[in-house]
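Undergrad: Residue numbers (our numbering): 158 to 399.
Ideal placement from N, C-alpha and C gives every residue a C-beta, glycine not left out.
Bear in mind that the values here come from a model prediction, so they are computed numbers and not experimental data.
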Amino acid sequence: MSQPYPFFLPRDRNWQPEAYTPGYKTSIARSPRQGLVSLHRGSPSERSGPTFEGLDMGQHDNDLLMNFRTEGEAAGLPIGERIVVHGQVIDQFGKPVPHTLVEMWQANAGGRYRHKKDSYLAPLDPNFGGVGRCMTDGEGRYRFRTVRPGPYPWPNGVNTWRPAHIHVSVMGPSISTRLITQLYFEGDPLIPQCPIVQVLKDVDAVDTMTARLDMAHSRPMDYLAYRFDIVVRGALQTYFEE
Ligand SMILES: [Fe+2]
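1) Could you tell me whether the Cβ atoms of W172 and D294 are closer together than 8 Å?
2) In this structure, how does DSSP classify V241 when only helix, strand and coil are distinguished?
3) Should the segment 329-336 be called in touch with the segment 286-306, which here means at least 3 C-beta pairs below 8 Å?
4) Express the C-alpha separation of E343 and T367 in angstroms, rounding to a whole number.
5) Rounded to whole angstroms, what's the CA-CA distance from L381 to R335? Just pull it up for me.
6) From this set, F164, R187, F165 and L166, which residue's C-alpha is nearest I175's C-alpha?
7) Scan the segment 181-226 and note each continuous alpha helix (DSSP H) run of 4 residues or more that stays entirely inside, going in chain order.
8) Per DSSP, what kind of secondary structure is D361 in: helix, strand or coil?
9) Please work out which residues of its chain come closer than 6 Å, Cβ to Cβ, to D282, disregarding the five sequence neighbours upstream and downstream, and give them in chain order.
10) Would you check whether ligand 1 has a heavy atom nearer than 7 Å to the C-beta of H322?
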């Protein structure tokens, strides 16, 4: 268990999307039918969380160009545009969140997931798994090397497509700060067309989910970089007088 925090700021329900948004069809079945139960503010279940000190990270866990490479005839690097996605995990007060777990998963360059329920026409890539994880450093920074995922069609409406995106989970300092979100790429014309993006009421919220092209961190003749900072809920500290 991590150090208990006094309590976390409540979620802003006007900023987060509604759970029930019929334009995004799956939300109809997945949204709660009954009123939400409030967890007592500052209870141990809100304040505590896992620590990742003993977690053994593999050499290529945050390198999707390497972590699923096959041996033998098909051996090689994944097909697609080589990119680096990096940023900093901070809380609402701008304080870095060090040594926390960031996990990500994505489709391959053709828009196909390595999942038995994905039957999209685009082929699987024998050298690409599509999952990675990484621990933030002392300043809350994380980094993944991967290929840019392709957009894919999905059965929501007549002709709906997901913009290129990466699913991201970040734990933060406690269970209650865990955030699962999606990263989009700056300039993608599919972003405003997506029914999932459209459940966000505020365009600024979409902005916070959009990674920016970061030429300063790209590597010439190798990869482009995208910057994506992640903000988790902040903790109000209680100060004691000496
Ligand atoms: Fe997806």
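TA: Looking at the coordinates:
1) no
2) strand
3) no
4) 6 Å
5) 28 Å
6) Here residue 175 is Glu; the residue named in the question, Ile, does not match the sequence. The residue with the shortest Cα to Cα distance from E175 is R187.
7) 183-187 and 201-204
8) helix
9) P235, I236 and N265
10) yes
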